[in-house]
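From first to last, the protein sequence lines are chains W and E.
Under this note's numbering, the first residue of the first sequence is numbered 46, with each subsequent residue one higher.
Under this note's numbering, the first residue of the second sequence is numbered 1284, with each subsequent residue one higher.
Each residue gets a CB set at the ideal place from its N, CA and C atoms; glycine is no exception.
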Amino acid sequence: MSGKKNSSQISKLETGITGFDFVAGGGLPKGRTTLLAGTAGSAKTVFAAEFIAQGIRKAKENGVFVTFEESPADICRNMKGLGWDIERWVAEGKFAFVDASPDIGSQPVTAGDWDFGALVARIEHAVNKVNAKRVAMDSLGAIFTQFDDGARVRHELFRVASALKNMNVTSILTAERIHEYGEIARFGVEEFVADNVIILRNALEHEKRRRTLEILKFRGCSHQKGEYPFTILPGTGIVVIPLSAMELQQKSSNIRITSGNVELDKMCGGGFFRDSIILVSGATGNGKTLMATEFIAGGVKNGERCLLLAFEESREQLIRNATGWGFDYEQMEKEGKLKFVCEYPETAGLEDHLIKIRAEIDEFKPNRLVVDSLSALERVSSIKGFREFVIGLTSFIKHGEVAGLFTATTPTLMGGTSITETHISTITDSIILLRYVEMYGEMRRGLTVLKMRGSRHDKDIREYTIDGTGMHIGKPFRDITGIISGSPTRIQQGELGRISELFEEEKVGV
Amino acid sequence: METKISLRLYVTGHTPNSERAIANMQSICKNELEGRYDLIIIDVLERPQLAEDEKILATPTLIKALPPPLARVIGDLSNTEKVLLGLSMTDLTQEHKKQGGHRK
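In structure tokens, the structure reads:
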């Protein structure tokens, strides 16, 4: 990671929030105030509380939490679910609350000029009490509901912000937004903390909520641009996924591994590369899962560990299928060489799936990873979210030198590309197409290696059959065109020519 | 028998608002409350914990602790009518004024 590149006079404070520091180019600008704006439910309070919590947990920096909305007791209770025992920190003198939450039923009467002198004094007092390096204020919008005079509140908040600067603390102020894409914050509060602005979004895309974080500006500091998905995990907190910030610096190896099918290895010029991503695309029932199974069996045979992420079938179904092709999944599992993770894609958002998959990979440390199928995951996400998921997964497994085989389902039986394929084809190293070929009133199957980065490969479309011992790749289709486009036509030629071709198969080469 | 009015005025050092509030408070006490009060002036710069305990945000803040109900007034107390209204003591003082008027 390159967090420290091009650092100007303003140094950064590592927040300790997973993934955030990377996106932020090292952390929040030190000694400054950052505005954190978001709509209702966009995790502003969690972010603000985690900023303090991670300071205590990871950096031994104490913090002050100024709450204008929820009571300290509520915050303690809510954050317990994320694994932070704030009450204990308060008792240990590491965490201090400044309780500015509204009292129900006592709306004060205003009689003349006032200022936020008491608030500043209280924050200062709390900062000194615990020797705080971090301050979070949540949320500014709630102050405006406590006082009638908006212009004065704004003016006074400006004083609070400048007082924070003098206290030598790094602070976060949260503010409400009304629209996901629109003005930065309500009540025009961004005007006085305009140096640094982070926006949290919780947009509804295709009936799914998708959380993203965007650093709008860090005045005088570098940071990554654009929206980054994040999720909130119990026990961990916020996890920002720095997808497009990932660097293409994976090592590339020339070591070949077997696909589990001798003939396919030959077509690929000796097998797949060890840390490559292979996409197997085909219509339903075309042998994608079989190819994945052979890939796993081939790995296990060489003593490799395989992780199978199944989003369409249960463990029992997978074992039954494999048995039908002559592979004993149960035995492999018993030997600890194979691990199944079976889940419906709908159980979680893609970000959560990605984090879960990462955790599985970290734990199991597989040599091979199979995702069956990617298309199933695609249906629970937007195009952008899906692409980011694949990039995230790809980059992660490449770093771990894991070979990945993903399957994708094409919508039509004959030919055509899958949506999955068009979205991620540039990310994958190899693409294998499985196609139905209609010939003489019979459904036959054809296979071709469409792309294989860094290697010579067979350009033929080969016929294959499936039986109780797996996949058998045979001869190329010679007198048929249009297999890939989905409309196979037989090349008109003399019957004699066709017969002679049976003896001289390499004559009509490509 | 009258209960004394217990008042606490929270200010921040010697800012103009604080100075004005103290002056205004003293004049209100003299003119409207006539000795029926206990007034404590608290400087939150010196005693921030007291401001924390009472959840004081804005200064100056005047709190009437007794008699119930608890009432809060913020500002430099330049608007006497509003102060009395905020302390819900308008009836009380008017009554008292009438009596005072008779005495004169």
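For chain W, is any of its Cβ atoms less than 8 angstroms away from the one on residue i?
{"i": "Glu1302/E", "result": "no"}
{"i": "Ile1339/E", "result": "yes"}
{"i": "Pro1368/E", "result": "According to the sequence as given, residue 1368/E is Leu; it is not Pro. Interface residue, yes."}
{"i": "Tyr1320/E", "result": "no"}
{"i": "Pro1351/E", "result": "no"}
{"i": "Gln1309/E", "result": "no"}
{"i": "Lys1313/E", "result": "no"}
{"i": "Pro1343/E", "result": "yes"}
{"i": "Ala1348/E", "result": "no"}
Roughly how many angstroms separate the alpha carbons of residue i and residue j, rounded to a whole number?
{"i": "His398/W", "j": "Glu114/W", "result": "32 angstroms"}
{"i": "Phe142/W", "j": "Pro117/W", "result": "7 angstroms"}
{"i": "Gly128/W", "j": "Ile101/W", "result": "13 angstroms"}
{"i": "Lys346/W", "j": "Leu478/W", "result": "25 angstroms"}
{"i": "Thr312/W", "j": "Gly491/W", "result": "First, the residue type needs correcting, since residue 312/W is Met and not Thr in the sequence shown. Computed Cα separation, rounded: 13 angstroms."}
{"i": "Leu335/W", "j": "Trp370/W", "result": "8 angstroms"}
{"i": "Gly527/W", "j": "Glu483/W", "result": "11 angstroms"}
{"i": "Gly316/W", "j": "Thr281/W", "result": "40 angstroms"}
{"i": "Val1366/E", "j": "Val1294/E", "result": "16 angstroms"}
{"i": "Lys208/W", "j": "Leu258/W", "result": "Here residue 208/W is Ala; the residue named in the question, Lys, does not match the sequence. The straight-line gap from Cα to Cα measures roughly 27 angstroms."}
{"i": "Leu249/W", "j": "Glu132/W", "result": "35 angstroms"}
{"i": "Leu1368/E", "j": "Lys1347/E", "result": "12 angstroms"}
{"i": "Val1327/E", "j": "Leu1290/E", "result": "15 angstroms"}
{"i": "Ala290/W", "j": "Leu1340/E", "result": "Model confidence at Ala290/W stands at a pLDDT of 49, short of 50, so the residue's coordinates are unreliable and nothing is read from them."}
{"i": "Ser18/W", "j": "Thr79/W", "result": "This structure does not reach residue 18/W, given that chain W is present from 46 up to 555, and the question cannot be answered."}
{"i": "Leu261/W", "j": "Val425/W", "result": "28 angstroms"}
{"i": "Ile400/W", "j": "Gly515/W", "result": "33 angstroms"}
{"i": "Gly327/W", "j": "Thr452/W", "result": "8 angstroms"}
{"i": "Leu438/W", "j": "Glu396/W", "result": "10 angstroms"}
{"i": "Phe275/W", "j": "Ile476/W", "result": "30 angstroms"}
{"i": "Pro1299/E", "j": "Leu1292/E", "result": "15 angstroms"}
{"i": "Leu559/W", "j": "Phe318/W", "result": "No information on residue 559/W is available, as it lies outside the stretch 46 to 555 that chain W covers here."}
{"i": "Pro411/W", "j": "Lys139/W", "result": "41 angstroms"}
{"i": "Phe340/W", "j": "Lys253/W", "result": "33 angstroms"}
{"i": "Arg507/W", "j": "Phe409/W", "result": "36 angstroms"}
Closer than 7 angstroms by beta-carbon distance: list the chain E residues that pair up with residue i, in chain order.
{"i": "Glu425/W", "result": "It should be noted that the sequence gives Val, not Glu, for residue 425/W. Here the premise fails: no neighbours, minimum Cβ distance about 45 angstroms."}
{"i": "Leu209/W", "result": "Those within 7 angstroms of Leu209/W in chain E number zero; the least Cβ separation is about 16 angstroms."}
Can a CB atom of chain E be found closer than 8 angstroms to the CB of residue i?
{"i": "Trp159/W", "result": "yes"}
{"i": "Leu202/W", "result": "no"}
{"i": "Ala187/W", "result": "no"}
{"i": "Ala145/W", "result": "yes"}
{"i": "Asp417/W", "result": "no"}
{"i": "Ala453/W", "result": "no"}
{"i": "Gly64/W", "result": "no"}
{"i": "Arg167/W", "result": "yes"}
{"i": "Ala290/W", "result": "Because the pLDDT of Ala290/W is 49, which lies under 50, any placement of that residue in the model is unreliable, and the number read from its coordinates should be weighed accordingly. Output row for Ala290/W: interface = no."}
{"i": "His268/W", "result": "no"}
{"i": "His170/W", "result": "yes"}
Throw me the rounded Cβ distance for the residue i and residue j pair, which I believe falls under 8 angstroms.
{"i": "Leu419/W", "j": "Ile406/W", "result": "Not quite, the Cβ-Cβ distance comes to about 16 angstroms (not below 8 angstroms), so this is no contact."}
{"i": "Gly157/W", "j": "Asn1314/E", "result": "About 16 angstroms; that fails the 8 angstroms criterion."}
{"i": "Ser321/W", "j": "Asp474/W", "result": "4 angstroms"}
{"i": "Gly126/W", "j": "Pro287/W", "result": "Actually they are not in contact, since the Cβ atoms of Gly126/W and Pro287/W sit about 25 angstroms apart, beyond 8 angstroms."}
{"i": "Thr338/W", "j": "Phe372/W", "result": "6 angstroms"}
Does any CB atom of chain C fall closer than 8 angstroms to the CB of residue i?
{"i": "Asn1362/E", "result": "Note that chain C does not occur in the displayed structure, where the protein chains are W and E."}
For the candidate residues the options, whose alpha-carbon lies nearest to that of residue i?
{"i": "Thr190/W", "options": "Asn173/W, Gln362/W and Glu221/W", "result": "Glu221/W"}
{"i": "Ala355/W", "options": "Gly343/W, Val416/W and Glu349/W", "result": "Val416/W"}
{"i": "Val154/W", "options": "Val494/W, Ala453/W, Asp193/W and Gln269/W", "result": "Asp193/W"}
{"i": "Ile277/W", "options": "Ala393/W, Arg507/W and Asp160/W", "result": "Ala393/W"}
{"i": "Asp1336/E", "options": "Leu249/W, Thr219/W and Ala163/W", "result": "Ala163/W"}
{"i": "Leu374/W", "options": "Arg350/W, Glu388/W and Glu396/W", "result": "Contrary to the premise, residue 374/W reads as Tyr rather than Leu in this sequence. Nearest option by C-alpha distance: Arg350/W."}
{"i": "Val165/W", "options": "Arg1330/E, Met1308/E and Leu1360/E", "result": "Arg1330/E"}
{"i": "Asn74/W", "options": "Arg122/W, Ala88/W, Glu59/W and Ile506/W", "result": "The sequence as given places Pro at residue 74/W; Asn does not occur at that position. Comparing Cα-Cα distances from Pro74/W to each of Arg122/W, Ala88/W, Glu59/W and Ile506/W, the minimum goes to Glu59/W."}
{"i": "Ala171/W", "options": "Thr219/W, Arg199/W and Val111/W", "result": "Val111/W"}
{"i": "Ile1305/E", "options": "Thr1342/E, Ala1334/E, Leu1349/E and Leu1333/E", "result": "Thr1342/E"}
{"i": "Tyr273/W", "options": "Gly513/W, Phe67/W and Asn331/W", "result": "Phe67/W"}
{"i": "Phe161/W", "options": "Gly1358/E, Glu1364/E and Leu1370/E", "result": "Gly1358/E"}
{"i": "Val1356/E", "options": "His1297/E, Asn1307/E and Lys1287/E", "result": "Asn1307/E"}
List, in chain order, every chain E residue whose beta-carbon is nearer than 8 angstroms to that of residue i.
{"i": "Arg256/W", "result": "Under the 8 angstroms cutoff, chain E gives no residues; its nearest Cβ is about 32 angstroms from Arg256/W."}
{"i": "Ala136/W", "result": "Ordered by position in chain E, no residue passes the 8 angstroms Cβ test against Ala136/W, which lies about 17 angstroms from the chain."}
{"i": "Asp148/W", "result": "Lys1338"}
Chain W partners of residue i, CB-CB under 9 angstroms?
{"i": "Thr1295/E", "result": "Asp160, Gly162, Ala163, Val165 and Ala166"}
{"i": "Lys1365/E", "result": "Val154, Thr155, Ala156 and Gly157"}
Show which residues of chain W have a CB atom less than 7 angstroms away from the CB atom of residue i.
{"i": "Ala1334/E", "result": "Ala163, Ala166 and Arg167"}
{"i": "Leu1328/E", "result": "Ala166"}
Identify the contact partners of residue i in chain W, using a Cβ-Cβ distance below 8 angstroms as the criterion.
{"i": "Thr1298/E", "result": "Asp160 and Gly162"}
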